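Engineer:
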Amino acid sequence: MVQDTNDVKAKILGAAKKLFARNGFEGTTVRQICEEAGVALALVSYHFGGKEKVFYALFESSIPNYAMATYALQDPEADFANFIREFVRLRQTEPELINLLQQEIIMQSPRMEKLQAYVYTLWKQLRDILEAGRAKGCFQFTSLKQTLHFIIGALIFTRNVPALDDLFETTVKEENAESVDEIAECTVHFLLNGLK
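Be aware that the sequence shown starts at 1, since it is given in UniProt numbering, and climbs by one per residue.
1. In three-state DSSP terms, what is residue 137?
2. Residue 91 and residue 188 - do their beta-carbons sit closer together than 8 Å?
3. So, are the CB atoms of residue 16 and residue 54 less than 8 Å apart?
4. Tell me, please, whether the stretch 147-158 touches the stretch 38-52 by the rule of three or more beta-carbon pairs shorter than 8 Å.
5. Would you call the stretch 124-131 and the stretch 91-110 in contact, with 3 or more CB pairs under 8 Å?
6. Expressed to the nearest angstrom, what Euclidean distance is found between the alpha-carbon atoms of residue 191 and residue 35?
7. Can you look up residue 24 in the DSSP assignment and give me helix, strand or coil?
8. Distance check for residue 38 and residue 136, CA to CA, integer angstroms please.
9. Is it buried or exposed, residue 58, if we count other Cβ atoms within 10 angstroms and call 16 or more buried?
10. Select from 71, 77, 112 the residue whose C-alpha is nearest the C-alpha of residue 138.
11. So for residue 110, helix, strand or coil by DSSP?
12. Taking 6 Å as the limit between beta carbons, can you name the residues of its chain near residue 198, skipping five residues before and five after?
13. How many angstroms separate the CA atom of residue 106 from the CA atom of residue 26?
14. Going by CA-CA distance only, name the one from 12, 156, 167, 28 that's closest to residue 98.
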């Protein structure tokens with residue numbers, strides 16, 4: 001029975017992630033989620049308590065593992081590189097989740113307040129790494145606020161813009177062939193150079 005419950009929850013979460021990423025939170029109904037998941041309509045309420053709780057459950061199940069990382073701040077450059085690599089891996093393995101986060105940020109939705117609880121830990125880690133790097137002379141920047149905005153923007157709002165694909169017409173196949181590790185290293189290199 002536990003397996004059945006976990007299977008139903010996983011189906012609901014998978015369907016919700018797909019539909020929320022495509023249609024947005026407001027544009028997705030519980031009925032659509034259940035149809036996509038192949039489960040009875042009442043099961044969303046039974047297992048989660050409603051559409052909004054399904055939405056938050058998506059972040060609860062993905063973000064905390066990454067947010068639990070700790071950084072000693074003895075080597076801020078290495079910590080920064082590791083932070084960026086892990087976020088890029090999250091972005092590449094959970095593109096729908098990142099799309100949801102993008103939508104919620106851009107729309108400044110009422111759900112952002114609760115989402116902040118999940119992502120604030122990440123941004124605080126990044127802030128601590130940047131401050132340690134500046135204190136040790138590894139990083140040079142004028143405004144911590146602007147630097148955080150630039151880095152967060154680069155992490156969240158990249159590689160999900162199909163409208164820009166035509167700019168890369170000769171290299172699209174090559175770019176699409178990049179592995180997650182190659183994308184992570186490219187991102188680390190670009191962002192680290194911006195801090196020197």
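For every residue, glycine included, the Cβ atom is placed at its ideal position computed from N, Cα and C. Values in this document were obtained by computation on a predicted structure and should not be read as measured data.
Structural biologist: Short version:
1. Within the sequence shown, numbered from 1, the residue matching residue 137 stands at position 137. Of the three classes helix, strand and coil, the one that applies to residue 137 here is coil, per DSSP.
2. The residue labelled residue 188 in the question sits at position 188 within the sequence shown. The residue labelled residue 91 in the question sits at position 91 within the sequence shown. No, these two residues do not count as a Cβ contact at 8 Å.
3. In the sequence shown, the residue the question calls residue 16 occupies position 16. In the sequence shown, the residue the question calls residue 54 occupies position 54. Using a Cβ distance threshold of 8 Å, residue 16 and residue 54 count as a contacting pair.
4. Taking a contact to require three or more Cβ pairs closer than 8 Å, the stretch 147-158 and the stretch 38-52 do not qualify as touching.
5. Taking one beta carbon from each stretch, the stretch 124-131 and the stretch 91-110 have fewer than 3 pairs nearer than 8 Å; the two do not touch.
6. For the purposes of this step, residue 191 is taken as the residue at position 191 of the sequence shown. For the purposes of this step, residue 35 is taken as the residue at position 35 of the sequence shown. Near 42 Å, if we compare the C-alpha coordinates of residue 35 and residue 191.
7. As a first step, residue 24 must be located in the sequence shown, where it is residue number 24. The three-state secondary structure of residue 24, taken from DSSP, is coil.
8. As a position in the sequence shown, residue 136 is number 136, starting the count at 1. As a position in the sequence shown, residue 38 is number 38, starting the count at 1. Their backbone Cα atoms lie some 55 Å apart in a straight line.
9. Position 58 of the sequence shown holds residue 58. Looking at its Cβ environment, which holds 16 or more other Cβ atoms inside 10 Å, residue 58 is buried.
10. One-based indexing of the sequence shown puts residue 138 at position 138. Of 71, 77, 112, the residue nearest in Cα terms is 77.
11. As a working note, residue 110 is residue 110 in the sequence shown. Residue 110: coil per DSSP, three-state reduction.
12. The requested residue 198 is not part of the displayed model; the chain covers only 1 to 196.
13. Residue mapping note: residue 106 aligns to position 106 of the sequence shown, counting from 1. Residue mapping note: residue 26 aligns to position 26 of the sequence shown, counting from 1. Near 14 Å, if we compare the C-alpha coordinates of residue 26 and residue 106.
14. Position 98 of the sequence shown holds residue 98. Residue 156 holds the alpha-carbon nearest to the alpha-carbon of residue 98 among 12, 156, 167, 28.
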